[in-house]
Amino acid sequence: MSKQFTLDDLKRILLEGAGADESVDLDADILDLGLEELGYESLALLETASRIEREYGISLDEVELTHTLTPRELIDAVNTCLTPSAAA
Amino acid sequence: MTRRRVVITGIGVVAPGGIGVKNFWSLLSGGRTATRGITFFDPAQFRSRVAAEIDFDAEANGLSPQEIRRMDRAAQLAVVAAREAVEDSGLAFGDLDPYRIGTTIGSAVGATTGLDQEYRVVSDSGRLELVDHTYAVPHLYNYLVPSSFAAEVAWAVGAEGPSTVVSTGCTSGLDSVGHAVELIREGSADVMIAGASDAPISPITMACFDAIKATTPRNDDPEHASRPFDGTRNGFVLGEGSAVFVLEELAGARRRGAHTYAEIAGYASRCNAFHMTGLRPDGAEMAEAIDVALAEARMNGDEIDYINAHGSGTKQNDRHETAAFKKSLGDHAYRTPVSSIKSMVGHSLGAIGSIEIAASVLAMEHHVVPPTANLHTPDPQCDLDYVPLTAREWATDAVLTVGSGFGGFQSAMVLTRPKRSV
Amino acid sequence: MTRSVVVTGLGVVSPNGLGAKEFWTATLAGQSGIGPVTRFDASPYPVRLAGEVPGFTAREHVPSRLIPQTDRMTQLALTATDWALADAGVEPEELPEFDMGVVTASSSGGFEFGQDELRKLWSQGSQYVSAYQSFAWFYAVNSGQISIRNGMKGPSGVVVSDQAGGLDALAHARRQIRKGTRLIVSGGVDASICPWGWVAQLAGGRLSTSDDPERAFLPFDAGARGHVPGEGGAIVILEAAEAARQRGARIYGEMAGYGATFDPAPGSGREPGLRRAIELALADAGADPAEVDVVFADAAAVPELDRSEAAAIAAVFGPRGVPVTAPKTMTGRLYSGAAPLDVAAALFSIEDGLIPPTTHVTARPDHRLDLVTGAPRTARVRTALVLARGYGGFNSAVLVRA
Numbered sequence: 001m002s003k004q005f006t007l008d009d010l011k012r013i014l015l016e017g018a019g020a021d022e023s024v025d026l027d028a029d030i031l032d033l034g035l036e037e038l039g040y041e042s043l044a045l046l047e048t049a050s051r052i053e054r055e056y057g058i059s060l061d062e063v064e065l066t067h068t069l070t071p072r073e074l075i076d077a078v079n080t081c082l083t084p085s086a087a088a
Numbered sequence: 001m002t003r004r005r006v007v008i009t010g011i012g013v014v015a016p017g018g019i020g021v022k023n024f025w026s027l028l029s030g031g032r033t034a035t036r037g038i039t040f041f042d043p044a045q046f047r048s049r050v051a052a053e054i055d056f057d058a059e060a061n062g063l064s065p066q067e068i069r070r071m072d073r074a075a076q077l078a079v080v081a082a083r084e085a086v087e088d089s090g091l092a093f094g095d096l097d098p099y100r101i102g103t104t105i106g107s108a109v110g111a112t113t114g115l116d117q118e119y120r121v122v123s124d125s126g127r128l129e130l131v132d133h134t135y136a137v138p139h140l141y142n143y144l145v146p147s148s149f150a151a152e153v154a155w156a157v158g159a160e161g162p163s164t165v166v167s168t169g170c171t172s173g174l175d176s177v178g179h180a181v182e183l184i185r186e187g188s189a190d191v192m193i194a195g196a197s198d199a200p201i202s203p204i205t206m207a208c209f210d211a212i213k214a215t216t217p218r219n220d221d222p223e224h225a226s227r228p229f230d231g232t233r234n235g236f237v238l239g240e241g242s243a244v245f246v247l248e249e250l251a252g253a254r255r256r257g258a259h260t261y262a263e264i265a266g267y268a269s270r271c272n273a274f275h276m277t278g279l280r281p282d283g284a285e286m287a288e289a290i291d292v293a294l295a296e297a298r299m300n301g302d303e304i305d306y307i308n309a310h311g312s313g314t315k316q317n318d319r320h321e322t323a324a325f326k327k328s329l330g331d332h333a334y335r336t337p338v339s340s341i342k343s344m345v346g347h348s349l350g351a352i353g354s355i356e357i358a359a360s361v362l363a364m365e366h367h368v369v370p371p372t373a374n375l376h377t378p379d380p381q382c383d384l385d386y387v388p389l390t391a392r393e394w395a396t397d398a399v400l401t402v403g404s405g406f407g408g409f410q411s412a413m414v415l416t417r418p419k420r421s422v
Numbered sequence: 001m002t003r004s005v006v007v008t009g010l011g012v013v014s015p016n017g018l019g020a021k022e023f024w025t026a027t028l029a030g031q032s033g034i035g036p037v038t039r040f041d042a043s044p045y046p047v048r049l050a051g052e053v054p055g056f057t058a059r060e061h062v063p064s065r066l067i068p069q070t071d072r073m074t075q076l077a078l079t080a081t082d083w084a085l086a087d088a089g090v091e092p093e094e095l096p097e098f099d100m101g102v103v104t105a106s107s108s109g110g111f112e113f114g115q116d117e118l119r120k121l122w123s124q125g126s127q128y129v130s131a132y133q134s135f136a137w138f139y140a141v142n143s144g145q146i147s148i149r150n151g152m153k154g155p156s157g158v159v160v161s162d163q164a165g166g167l168d169a170l171a172h173a174r175r176q177i178r179k180g181t182r183l184i185v186s187g188g189v190d191a192s193i194c195p196w197g198w199v200a201q202l203a204g205g206r207l208s209t210s211d212d213p214e215r216a217f218l219p220f221d222a223g224a225r226g227h228v229p230g231e232g233g234a235i236v237i238l239e240a241a242e243a244a245r246q247r248g249a250r251i252y253g254e255m256a257g258y259g260a261t262f263d264p265a266p267g268s269g270r271e272p273g274l275r276r277a278i279e280l281a282l283a284d285a286g287a288d289p290a291e292v293d294v295v296f297a298d299a300a301a302v303p304e305l306d307r308s309e310a311a312a313i314a315a316v317f318g319p320r321g322v323p324v325t326a327p328k329t330m331t332g333r334l335y336s337g338a339a340p341l342d343v344a345a346a347l348f349s350i351e352d353g354l355i356p357p358t359t360h361v362t363a364r365p366d367h368r369l370d371l372v373t374g375a376p377r378t379a380r381v382r383t384a385l386v387l388a389r390g391y392g393g394f395n396s397a398v399l400v401r402a
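Protein sequence lines correspond, in order, to chains A, B and C.
Note that UniProt numbering has the first sequence beginning at 1, numbered continuously upward.
Note that UniProt numbering has the second sequence beginning at 1, numbered continuously upward.
Note that UniProt numbering has the third sequence beginning at 1, numbered continuously upward.
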């Protein structure tokens, strides 16, 4: 059984590693918004990616952390890394 | 009242590839690089494993065992550079009122290397949260507060005027000298020992730049890893070093018949108020710093003969400053050689601004512009004349040198050949 | 003609008061912020008292996005800046961005943040080090974060000269205003009350090992035995006097004089530089020693350093020639934050005509100081001198006047 990475996991890690902009509601429908729109700039993305890498034991080196990256894309990328076939 | 003018009358450099001004200039004018695979510690766990290290023997460079014990490596480099500068100036320090001699030393990260090593000891490699004071070295306070660097230099030269460390990240080396110029101009000192030093090649520094992917992972080709303005660049190469100057008020320097390398004609620092590490592509705040420095020098942009760039080799920086040069110098930017010595000596954080002042002054002294090494593949977004690979003979009477640092600091300095007539 | 530079806003984060008013009320009442260390278990160490800033909850003052990337000293500094700007009645967005700068002092940067990352590096590995480490601990962090948060693009700077740096920053800020910038946010906030900071401070050899909050930090007293370290400081809004008057700002006082020197190398036998720094500050302000109504002392509480400070004051002002005080007996020494806090106290002294006391101290008669002890002293205060010395030999003096 492989672990799944969910939106709740992402929100938890974002809050721990980068907080949340006061004007942004992370509990709203955010899956397809750019992370930059949600108030997360390059450093926040690097910190978030590195926290995910450590917690899940994966490498996100191939994922381009652009400001247009959405939560859905990041979650999918993490889950691809977590799928055993992808590691093979 | 006419403004007091400030000139450089002595230079000392300790940089990768050679200790002393002569060796430093030989490396730069030869277009050779001093970057290599890290030897100071086992770099296996790091993403970036290259650095510009100095082969520095403190004792052979005149430091006593007591000095070596109590000083972090960066302080040692600063004292050695200061002694060379003082000797080079020919100024008889013993004849001066010590209260009229001040010290400013720039450093971005202070005694990071010493702190990293000592933390490892007192924490038993991170096992102890309550670190053990009984294992601490007696001089640990000198690492905690890096004003100890300015103190060491002041003691070494007998300065008792205003002294401080200037720590504005990677513009520290420009801002420290700029600060010293202001002190002489306002009359707080007649002579300043001013420069900068950093010796950050240590696991904690490698780790923090790894974490933001700021340093290059080009580990298989360390000699060519620092590639400012090249289309294939992918981050900077960490370096270390120090440059220190003797600054004097022009009239005093003339009276004693000193060799005046250059006048510091203009200086300014501004903030981008944007991001602790990021840069906007338009370079507006660096351009503002350049404009103010030129105005202070009472010069137009088209009087600049050479631009000594920040040129760190990150994609963001190189575009940012290219935009700033165009904004401030207009079309003249395209006709002006621009180069980055970080391609050869790496990026020594706060020290590099002073090391680049030294390179700028030597370019005027020799009428030779140092090259940007490793520049083979132009980046279409960096479309100025970056003096690729080999040094260029070039009539150089006025140089613009700039720096850009974490925290958003943007600094610019204009150096000119002092004119006989004034 | 040099431009006159005035203080129009104060933001204080002190062990005996969060907020400028709170600090001043506590200081006049002799309320101390010194107590047992609560931020970590100090029981294994020979020093167990500190001046901690109580009741500061970052979430209440600092945006959520900034909290993971900042050390406590930056959180305190950002908060003090907000308060200082509000006190000055300045809305940064209403002023030209290049006309506002930030010049702060620091002694040890974000040391606790650095400690935590060093621990991760050595116990877990480099990939555990935070993306924020590259700037969160370094000395320039407060100037950078303050400039970003408030949109200030003017000349900025950071000085490190241990305790003297707090005054050197104010002087550098004044220099930038004299060169034409309208407003500079200045001052200093330091905090390194964490195990690693504690061990590094212990190595300086100047900390008091007493466990009695009322007897631990006794400058100029026969029982002087070192200082209690503290955290916090003050942020000061400096403005060009004409600009401040034009906008009808309330003016606390003028930053009228500054002088700085460095002590001769140990063993030289030459006089330490503090007297000369005081004389330079007086000359810079065009003030006669007789005009000075109070001196806020550096107050090292190390017998030899107390003696040399008392000697310098007596040399300039005559024996018992001027009231001297050290309200830092209620806060501990705050490194780069200490002198800006003393400047705040000096300006309140001018405003209220009250000199705050040096608590729990009985001055040694041989220091020949008129030390204000016990209770505040009523006095007409128009001119105040603030002194600060940094480890290694840094001496700075600032003269403020009404």
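Ideal Cβ placement from N, Cα and C applies to all residues, glycine included.
| query | result |
| --- | --- |
| C/T2, DSSP secondary structure in three states | coil |
| Residue(s) in a DSSP beta bridge with C/T358 | C/T373 |
| Cut-off 7 Å between Cβ atoms - residues of its own chain near residue 425 of chain B, not counting five sequence neighbours on either side | Given that chain B is displayed from residue 1 to residue 422, the structure contains no residue 425 of chain B and the question cannot be resolved. |
| Below-8 Å beta-carbon distance, C/A301 vs any chain B residue | no |
| Spatial distance of B/F406 from B/T277 (CA atoms) | 5 Å |
| Alpha-carbon spacing of C/D116 relative to B/R3, whole angstroms | 49 Å |
| Beta-carbon spacing of B/L400, B/I304 below 8 Å | yes |
| B/H367 at chain F interface by Cβ criterion, 8 Å | Considering every chain present, this structure includes no chain F. Its protein chains are A, B and C. |
| Rounded separation between C/F394 and B/S163 - CA only | 7 Å |
| Contact list for A/L43 against chain B, beta-carbon separation under 9 Å | I212, H275, M276, T277, G278 |
| Test item: CB-CB of C/V398 and C/L369 under 8 Å | no |
| Min CB distance B/V145 to chain C below 8 Å | yes |
| Short-range partners of chain B found in the segment 48-65 of chain A, where Cβ spacing is below 7 Å | S50 |
| For C/A200 and C/V160, believed in contact at Cβ under 8 Å, the rounded distance | C/V160 to C/A200, Cβ: 14 Å. No contact. |
| contact_flag[the segment 244-254 of chain B, the segment 53-73 of chain B] where n(CB pairs < 8 Å) is 3 or more | no |
| Separation of A/E55 from C/S126, as counted between CA atoms | 14 Å |
| Helix, strand or coil at C/A346 [DSSP, three-state] | helix |
| Cβ pair count under 8 Å reaching 3, the segment 255-274 of chain C against the segment 91-105 of chain C | no |
| Spatial distance of B/R233 from B/D210 (CA atoms) | 16 Å |
| Proximity of C/A224 and C/P327 at Cβ, strictly below 8 Å | no |
| Contact with chain A by C/S64, beta-carbon distance below 8 Å | yes |
| DSSP state of B/D230 mapped onto helix, strand, coil | strand |
| Own chain, CB closer than 6 Å to C/A315, minus 5 neighbours either side, in chain order | R275 |
| Where the segment 27-55 of chain C meets chain B: residues whose CB sits under 8 Å from a CB there | F40, D41, P44, Y45, P46 |
| Option in B/Q117, B/A150, B/A309, B/E152 with minimal Cα separation from B/Y135 | B/Q117 |
| Members of the segment 2-34 of chain A that neighbour chain C once the beta carbon cut-off is set at 9 Å | L15, E16, G17, A18, G19, A20, D21, E22 |
| Interface residues of chain C facing B/H139 [CB-CB closer than 8 Å] | A203 |
| Per-residue contacts from C/S130 into chain A (C-beta, under 7 Å) | E47 |
| Short CB-CB distance (under 8 Å) between C/G393 and chain B | yes |
| Validate contact between the segment 121-134 of chain B and the segment 60-72 of chain B using beta carbons, cut 8 Å, 3 pairs | no |
| Chain-order list of residues whose beta-carbon lies under 6 Å from that of C/F98 (same chain, five-residue window excluded) | K153, G154 |
| C-alpha distance - A/T70 paired with A/G34, whole-angstrom precision | 4 Å |
| Euclidean distance between Cα positions of B/T216 and B/S312 | 11 Å |
| Outcome for B/Y334 when other beta-carbon atoms lying within 10 angstroms are tallied against a minimum of 16 | exposed |
| Contact check, C/D190 vs C/M330, beta carbons under 8 Å | no |
| Alpha-carbon spacing of B/G241 relative to A/L43, whole angstroms | 28 Å |
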